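One structure is given below, encoded as structure tokens.
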Amino acid sequence: MTRVLVVEDEPAIAESIAYSLRRDGYAVQIAGTVAAALRELSAVDLVILDLMLPDGSGFEVLGVARRTEAAPPVIVLSSRDSEADRVAALETGADDYVTKPFSPREIVARVRAVLRRAAKGSAQASNGAPPSVPLSADESTRRATVHNRQLDLTRVEFDLLACLLGAPGRVFTRAQLIDRVWGDGFAITDRTIDSHVKGLRKKVTEAGGDPGLIETVRGVGYRVSDRPSGSDEGDA
Ligand code: CA
Numbered sequence: 002m003t004r005v006l007v008v009e010d011e012p013a014i015a016e017s018i019a020y021s022l023r024r025d026g027y028a029v030q031i032a033g034t035v036a037a038a039l040r041e042l043s044a045v046d047l048v049i050l051d052l053m054l055p056d057g058s059g060f061e062v063l064g065v066a067r068r069t070e071a072a073p074p075v076i077v078l079s080s081r082d083s084e085a086d087r088v089a090a091l092e093t094g095a096d097d098y099v100t101k102p103f104s105p106r107e108i109v110a111r112v113r114a115v116l117r118r119a120a121k122g123s124a125q126a127s128n129g130a131p132p133s134v135p136l137s138a139d140e141s142t143r144r145a146t147v148h149n150r151q152l153d154l155t156r157v158e159f160d161l162l163a164c165l166l167g168a169p170g171r172v173f174t175r176a177q178l179i180d181r182v183w184g185d186g187f188a189i190t191d192r193t194i195d196s197h198v199k200g201l202r203k204k205v206t207e208a209g210g211d212p213g214l215i216e217t218v219r220g221v222g223y224r225v226s227d228r229p230s231g232s233d234e235g236d237a
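Taking this note's numbering, the leading residue of the sequence shown gets 2, the next gets one more, and so forth.
This is the structure we're talking about:
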């Protein structure tokens, strides 16, 4: 049974998340403090993490989670107005975030998606995206397609697409994209990233792809949608 650790000090929120996950077949433990979370961390498969805890910051838990051998994926809970925290959490290694207030259904969908990506990453089963994503970027041939139609991309557009397709559904911050596409030490502005993504999205659209395939996550960054277009949270 997949074990989920819910790190949240507000009992009503913790219980409602736990209830939904248990109903969906997960084993759930709740920790209300940083100290309790650190004790449980090595024995779980996924962590849902509130950032504001009574004895410290969720970032402490996130840092330790990234360094443990099991390195369980982490989904951060953040309040609506803490955009900086969301970006910082993703850059510290969080796998996804959910903004409060959220529906239990949304949490369950994110948990499933993150676990699916984690399983795929460790198995290194297929190259590229799940079948629901009609985009591809083959790094060996530098060939990119949407709905099997070839895309004529610049080097940067190709690298951006390949990076995003490395983890469909995962949000990449602009800093992460700059790091992966240009590498360290390049003075690339957020606006430069945005204009390359705009160019990429235009080519995808012109080739018949949905403009929503490459999603802008407001204030945070970009991701390739891993949901069939038109559905809301996908795998219900
Ligand atoms: Ca809290």
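Think of the CB as a built atom: it goes at the ideal place given N, C-alpha and C, for glycine as much as any other residue.
Small disclaimer: the values here were computed from a predicted structure and weren't measured.
**OP:** Write down the C-beta distance between V75 and L63 rounded to the nearest angstrom, noting that I regard them as a contact closer than 8 Å.
**Re:** In the sequence shown, residue 75 corresponds to position 74, counting from 1. In the sequence shown, residue 63 corresponds to position 62, counting from 1. Confirmed, Cβ separation roughly 6 Å.
Original post:
To which residues does DSSP link Y223 through a beta bridge?
Top reply: Residue 223 sits at position 222 when you count from the first residue of the sequence shown. Y223 is bridged to F173 and T217.
Original post:
Got a sec: does ligand 1 put a non-hydrogen atom nearer than 7 Å to the Cβ of E61?
Top reply: Numbered from its first residue, the sequence shown carries residue 61 at position 60. The answer is no for E61.
**OP:** Go ahead and pull the three-state DSSP assignment for T146.
**Re:** Along the sequence shown, one-based indexing puts residue 146 at 145. Three-state result, T146: strand.
**OP:** Use the C-beta contact count for Y20: other C-beta atoms within 10 angstroms, 16 or more gives buried, fewer gives exposed.
**Re:** The residue labelled residue 20 in the question sits at position 19 within the sequence shown. Counting Cβ neighbours within 10 Å, Y20 comes out exposed, since fewer than 16 surround it.
**OP:** Using only the heavy atoms of ligand 1, determine whether one of them is closer than 7 Å to the beta carbon of D160.
**Re:** Locating residue 160 in the sequence shown gives position 159, counting from the first residue. No, the Cβ of D160 stays beyond 7 Å of every heavy atom of ligand 1.
Original post:
So which residues touch the region around ligand 1, with touch meaning a C-beta under 5 Å from any heavy atom?
Top reply: D10, D51 and M53
Original post:
beta strand (DSSP E) containing Y27: first to last residue?
Top reply: The residue labelled residue 27 in the question sits at position 26 within the sequence shown. Note, Y27: premise wrong, no beta strand (DSSP E); not H, not E.
Original post:
Count the other CB atoms within 10 Å of the CB of G186; is the residue buried (16 or more) or exposed (fewer)?
Top reply: Walking along the sequence shown from the start, residue 186 turns up at place 185. By the neighbour-count rule (16 or more Cβ atoms within 10 Å), G186 is not buried but exposed.
Subject >> Cβ neighbour criterion (16 or more within 10 Å) applied to L6 >> reply: In the sequence shown, counting from the first residue as 1, residue 6 sits at position 5. By the 10 Å Cβ count, L6 comes out buried.
Original post:
If we call anything under 8 Å between Cβ atoms a contact, is V65 one with L39?
Top reply: By one-based count along the sequence shown, residue 65 stands at place 64. By one-based count along the sequence shown, residue 39 stands at place 38. Cβ distance < 8 Å, so V65 and L39 count as in contact.
**OP:** Note down, in chain order, each residue of its chain lying with its Cβ closer than 8 Å to the Cβ of L52, except the 5 sequence neighbours on either side.
**Re:** Along the sequence shown, one-based indexing puts residue 52 at 51. Once the five neighbours on either side are set aside, the close Cβ partners of L52 are S58, G59, F60, V77, L78, S79, S83, D86 and A90.
**OP:** Classify R68 as buried or exposed, calling it buried when 16 or more other Cβ atoms lie within 10 Å of its own Cβ.
**Re:** The residue labelled residue 68 in the question sits at position 67 within the sequence shown. Label assigned to R68: exposed.
Original post:
Do the region 135-153 and the region 172-187 meet, that is, are 3 or more Cβ pairs less than 8 Å apart?
Top reply: no
Original post:
Taking V88 as the reference, which of S196, K199 and L178 has the closest Cα?
Top reply: The residue given as residue 88 occupies position 87 in the sequence shown. Measuring from the Cα of V88, the nearest candidate turns out to be L178.
Subject >> Candidates S133, R219, L54 and G222, of which the one nearest A36 by Cα >> reply: Position 35 of the sequence shown, counting from 1, holds the residue named residue 36. Closest option to A36, Cα to Cα, is L54.
Original post:
From A119, E107, L214 and F103, pick the residue whose C-alpha is nearest to that of D96; which is it?
Top reply: Taking the first residue of the sequence shown as position 1, residue 96 is located at position 95. Ranking the options by Cα distance to D96, first place goes to A119.
Subject >> Minimum C-alpha distance to A32 - residue among R219, L165 and E11 >> reply: Reading the sequence shown from its first residue, position 31 is the one you call residue 32. Closest option to A32, Cα to Cα, is E11.
Subject >> Collapsed DSSP secondary structure at V8 in the structure displayed >> reply: What you label residue 8 is simply residue 7 of the sequence shown in a count that begins at 1. The answer is strand: DSSP assigns V8 an E or B state.
Original post:
Do you know how far the Cα of V115 is from the Cα of S17?
Top reply: Along the sequence shown, one-based indexing puts residue 17 at 16. Along the sequence shown, one-based indexing puts residue 115 at 114. Straight-line Cα distance between these residues: approximately 20 Å.
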